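First up is the structure itself, then whatever we jot down about it.
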Amino acid sequence: MNSTEHPRITGPPTPAFVIDKSALDILVNRFQDALAQHWPNSVMSYSVKTNSLPWLLTYMKQQGIWAEVVSDSEYRLACAIGYEPNQIVYNGPIKSRRVLRAALRNGSLTNFDSNREVRWAAELAAEDPSLDVRVGLRVNWDLDALCPGESTVVGERSRFGFDYTNGDLEAVISRLSDAGASVVGLHMHRNSRTKSLQVYQAAAGVAAEIISTLDLHLDWIDIGGGFFGSLDDTTMFADYISCIRAELEPVVDPRRTRLVIEPGGSVIATPVELHAQVLDTKDIGPQRFVITDTSRTDIDPLFRKQASYDIATEAAHGTSHPEQVLAGFTCMEDDRLMVLKDSPKLLEGDRIVFRRVGAYTMTYGSSFIEFQPAVYVLDENSLTMVRRPGGVEDYLNGNMWAAGQPPSADAPPA
Ligand SMILES: Cc1ncc(COP(=O)(O)O)c(C=O)c1O
Numbered sequence: 004m005n006s007t008e009h010p011r012i013t014g015p016p017t018p019a020f021v022i023d024k025s026a027l028d029i030l031v032n033r034f035q036d037a038l039a040q041h042w043p044n045s046v047m048s049y050s051v052k053t054n055s056l057p058w059l060l061t062y063m064k065q066q067g068i069w070a071e072v073v074s075d076s077e078y079r080l081a082c083a084i085g086y087e088p089n090q091i092v093y094n095g096p097i098k099s100r101r102v103l104r105a106a107l108r109n110g111s112l113t114n115f116d117s118n119r120e121v122r123w124a125a126e127l128a129a130e131d132p133s134l135d136v137r138v139g140l141r142v143n144w145d146l147d148a149l150c151p152g153e154s155t156v157v158g159e160r161s162r163f164g165f166d167y168t169n170g171d172l173e174a175v176i177s178r179l180s181d182a183g184a185s186v187v188g189l190h191m192h193r194n195s196r197t198k199s200l201q202v203y204q205a206a207a208g209v210a211a212e213i214i215s216t217l218d219l220h221l222d223w224i225d226i227g228g229g230f231f232g233s234l235d236d237t238t239m240f241a242d243y244i245s246c247i248r249a250e251l252e253p254v255v256d257p258r259r260t261r262l263v264i265e266p267g268g269s270v271i272a273t274p275v276e277l278h279a280q281v282l283d284t285k286d287i288g289p290q291r292f293v294i295t296d297t298s299r300t301d302i303d304p305l306f307r308k309q310a311s312y313d314i315a316t317e318a319a320h321g322t323s324h325p326e327q328v329l330a331g332f333t334c335m336e337d338d339r340l341m342v343l344k345d346s347p348k349l350l351e352g353d354r355i356v357f358r359r360v361g362a363y364t365m366t367y368g369s370s371f372i373e374f375q376p377a378v379y380v381l382d383e384n385s386l387t388m389v390r391r392p393g394g395v396e397d398y399l400n401g402n403m404w405a406a407g408q409p410p411s412a413d414a415p416p417a
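Take the sequence shown: its position 102, counting from 1, is numbered 105 in our numbering, and each next residue is one higher.
If you want it as C-alpha cells, here you go:
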C-alpha cells in the first residue's frame, strides 16, 4: 500500500455497533470453564443492565446462562426473552411487592436490598406457611477498609445492602426467620477500581466471616460481577474463581452451596465495536476538529470517561497532524470523544472503529438529536443486523400523543 493511501476497514453502514460473536464465545466459554473447574455447583447469571440487547439475552440463554436483573422491567424483559423464573437472579433495592411475591413463589434466586422487601417476605411467609420462602441478603461491607483505594465512592460508604458491622444484617436474618422465611444466600457484589483478585478475596473473606459468626447454612453465595475480562488474559477468570473458593472452602461445602456470579462488562465490553465515519473536518487554531456520526451519547453516555479508546481508523498513512479532536454529532461542546496526538490525518468519509464498547453503552440508549445506531453481529465473516437503526417511526409509535390521540384511560400498558 502506498503511504498516502487509506487502509480500508470493512463494516456496515455507519454508525453501527458490531458484536464479534467469536470473541463473545471465547469470553463466555472461558468463564463457564473456570466455574466448571473450580466450582462446578455454580450459576453464571448475566447482568442484564450491562447490555440488554434482546439478541444478546437470547444468546446468553442459549448458553445456559441465567439472567441477573435489578428491576421489575428487567425481570419482565427476561421473561419475555423466554427465561423461566428459576433461571433469574432478582437483585436491587427497587423490586415491587407484586413481582417480588411472584419471584419468591416461582423460584427466582432473590437477593434482598431493602427493608420493604424484608417486610413483604415476612408477610408472605406468615400468610402461606406451606410456602418455603428462601432468600438472600445483599451485604454492605467496607471495601475501602479491606482494599484501600478500590472503592468507587471515595470517602463514603456504599449505599447497597444491609450493614453487617452495625448489626442490621443479623437483625434482618432474625426478623425473617421469626416470620418463617429462611436466609439462604449472601450477595457480596461491589464495583471496584482495579477489579483485582484482592477485591474478590475480600468479598469472599467477609462472606466467610459472616457465615461462621452467624452460623449460616447457605444455598448460595453470590459474589456479584465487576470482573475484568480481556481476550489476552486467558487465566484471569479461573484465578478469580479459585481465589474465591480458597476463601470460602473452610466454611462452606461447595457441593452443597452454589457459587453465583453476575458478570457483565467482563464478557460483553470487549466483543463490541462502534463503527463511525468522519462527516467533516475543520482546522481551528492549533486543533483539527473531526466531526463524526457518533457521539459520547453512544459510547460514553455518562460523559465520564477520560477517554482514550482503542481505535482503528482509515486515516491515510504518512500525513500526520499534531492534534485532532474526535467530536460527536451533538451540539454540546463537550461531546469530544478523544484527542489524537501526532496521528495520521483523518478525512471526510474515513471510517473510525472504537473497540471494546459493549458495556453500559447501548443500555443508556439516547434519542438526543439522533436515534440509536443499528447493531450487527459478525459471525464467521458474515454480518447480520440484529437491531435496526432507531427512527422517527419507532419514536412516534412509542409516543401516544403522536397521532393526536390522547392516551387511553388504562395506559400505560402493564
Ligand atoms: C449487583 C450487580 N451485579 C452485577 C453487575 C455487573 O457488573 P459488571 O458489568 O462490572 O460485571 C453490577 C454492576 O454494577 C451490579 O450492580
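Idealized CB from N, CA, C, for every residue including glycine.
Keep in mind the model is a prediction, meaning the values are calculated, not measured.
- prompt: Are the beta-carbon atoms of threonine 113 and isoleucine 271 separated by less than 8 Å?
  reply: Contact flag unset, no.
- prompt: What is the rounded straight-line gap between the Cα of isoleucine 84 and the Cα of methionine 63?
  reply: Cα to Cα, isoleucine 84 sits roughly 10 Å from methionine 63.
- request: State yes or no: is the C-beta of leucine 172 within less than 8 Å of the C-beta of valine 209?
  value: Remark: C-beta atoms of leucine 172 and valine 209 do not approach each other more closely than 8 Å.
message: Are there any heavy atoms of ligand 1 lying less than 7 Å away from the beta-carbon of threonine 53, as far as the coordinates show?
response: Using a cutoff of 7 Å, the CB of threonine 53 counts as near ligand 1, since one of the ligand's heavy atoms is closer than that.
query: In three-state terms, what does DSSP make of lysine 198?
result: In the three-state scheme derived from DSSP, where H, G and I count as helix and E and B as strand, lysine 198 is classed as coil.
- request: Measure the C-alpha to C-alpha separation of tryptophan 223 and tryptophan 69 and round it to an integer number of angstroms.
  value: A straight-line Cα-Cα distance of about 14 Å links tryptophan 223 and tryptophan 69.
- prompt: If you run the structure through DSSP and keep just helix, strand and coil, what is glycine 380?
  reply: At residue 380 the sequence reads valine, which differs from the glycine that was named. Assignment of valine 380 by DSSP, reduced to helix, strand and coil, places it in the strand class.
task: Closer than 8 Å by C-beta to isoleucine 213: which residues in its own chain qualify, once you throw out the five before and the five after it? Chain order, please.
output: Contacts found: Val142, Tyr167, Leu172, Leu189, Leu219.
query: Once you ignore the five residues that flank phenylalanine 231 on each side, which residues in its own chain have a CB closer than 7 Å to its CB?
result: Taking phenylalanine 231 as the centre and dropping the five residues before and after it, the same chain places the C-beta of Lys198, Met239, Ser269 closer than 7 Å to its C-beta, in chain order.
message: Could you check whether the Cβ of phenylalanine 230 sits closer than 7 Å to any heavy atom belonging to ligand 1?
response: At a cut-off of 7 Å, the beta-carbon of phenylalanine 230 counts as near ligand 1: some heavy atom of the ligand is closer than that.
query: Which stretch, first to last residue, makes up the beta strand (DSSP E) that contains asparagine 428?
result: This structure leaves residue 428 out entirely; the chain is present only between 4 and 417.
message: Taking only three categories from DSSP, how would you classify methionine 335?
response: DSSP places methionine 335 in the coil class of the three-state scheme, outside both helix and strand.
Buried or exposed by the 16-neighbour rule on C-beta atoms within 10 Å, applied to glutamate 159: Glutamate 159 comes out exposed.
query: Is the Cβ-Cβ distance between threonine 273 and leucine 234 less than 8 Å?
result: Yes, these two residues count as a Cβ contact at 8 Å.
- prompt: Hey, would you say the C-beta of alanine 37 is under 7 Å away from at least one heavy atom of ligand 1?
  reply: At a threshold of 7 Å, alanine 37 does not count as near ligand 1, since its beta carbon sits no closer than that to any of the ligand's heavy atoms.
message: Bridge partners for arginine 354 per DSSP, in chain order?
response: Under the DSSP definition of a beta bridge, arginine 354 partners with Gln280.
task: Tell me, please, which residues DSSP counts as bridged to asparagine 3.
output: Any answer about residue 3 is impossible in this case: the structure gives the chain only from 4 up to 417.
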